Amino acid sequence: MAYRLLHPRNTILVTCADGEGKANIITLAWSMPVSANPPLIAISIAPKRYSHGLIEETREFVVNIPSMKLVNETLYCGRVSGRNVDKFEKTNLTPAPAKVVKVPIIKECVAHLECKLYQQIAAGDHTLFIGEVVAAYANDGIFNGTFDIKKAKLIYHLGGDLFATLSDETVKPSH
């Protein structure tokens, strides 16, 4: 598992929906920015995952950034398939209208990146979904160009069922 050498990774909750509007949540640690102009981000999902088909169908998704307060919900959404259960209902997370896309955001998350599918690339046993960010916003008081890590308490996946958050220490190296 060479990819584990790249951990810890920021953990996200991606929302997607079917054509009827039934929403799902998938937990991911495999995400990254790929372009500033246009603003593009990539997420990696295995084709067997329920969310994979939903994103292919509606061509939209939202990257929701949870805080450590949601670590149990984050683990649950990564362990259970939305084919079998309504994850919003089981976790008591709140779907809320997005600003641009039809897919809901997760109200309890601290930041959101609404995306329209820009490109889809088969990559080994996963698919890279590259989304064009059509709206991006964070809760008041936690983001001003960078996250206030004392307030945001973002979740980082270490591997398996292990998660962490950043320490309160920030460092700006001298030249």
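If you're matching positions, the sequence shown starts at 1482 in the numbering used here and goes up one per residue.
Where is the CB? At the ideal position from N, CA and C, for every residue including glycine.
Since this is a predicted model, take the numbers as computed values, not measurements.
Original post:
In this structure, what does DSSP give as the bridge partners for F1628?
Top reply: F1624
**OP:** Quick one: grab the DSSP three-state call for H1656.
**Re:** H1656 falls in the coil class under three-state DSSP.
**OP:** Could you say if the segment 1584 to 1593 and the segment 1542 to 1551 meet the contact criterion of at least three C-beta pairs nearer than 8 Å?
**Re:** yes
Original post:
Would you say A1579 reaches chain C, if we count a Cβ-Cβ gap shorter than 7 Å as a contact?
Top reply: You won't find chain C in this structure, because it holds only one protein chain.
Original post:
Alpha carbon to alpha carbon, what distance is there between P1654 and P1489?
Top reply: 21 Å
Original post:
Would you call P1735 buried or exposed, if buried means 16 or more other Cβ atoms sit within 10 Å of its Cβ?
Top reply: In the structure as shown, the chain starts at 1482 and stops at 1656, and residue 1735 therefore has no counterpart that could be examined.
Original post:
Which one of L1647, G1640, H1656 has the shortest CA to CA distance from A1483?
Top reply: For A1483, the closest of L1647, G1640, H1656 by C-alpha to C-alpha distance is G1640.
Original post:
If you drop the 5 nearest sequence neighbours on each side, which residues of the same chain put their C-beta closer than 6 Å to that of W1511?
Top reply: S1525
Original post:
To which residues of the same chain is A1645 closer than 7 Å at the C-beta, ignoring the five residues directly before and after it?
Top reply: P1489, Y1637, L1639
Original post:
So what does DSSP say about L1647, is it helix, strand or coil?
Top reply: coil
Original post:
In three-state terms, what does DSSP make of I1532?
Top reply: One detail in the question is off: residue 1532 reads as Ser in this sequence, not Ile. Helix at S1532.
Original post:
Secondary structure at R1564, three-state DSSP: helix, strand or coil?
Top reply: coil
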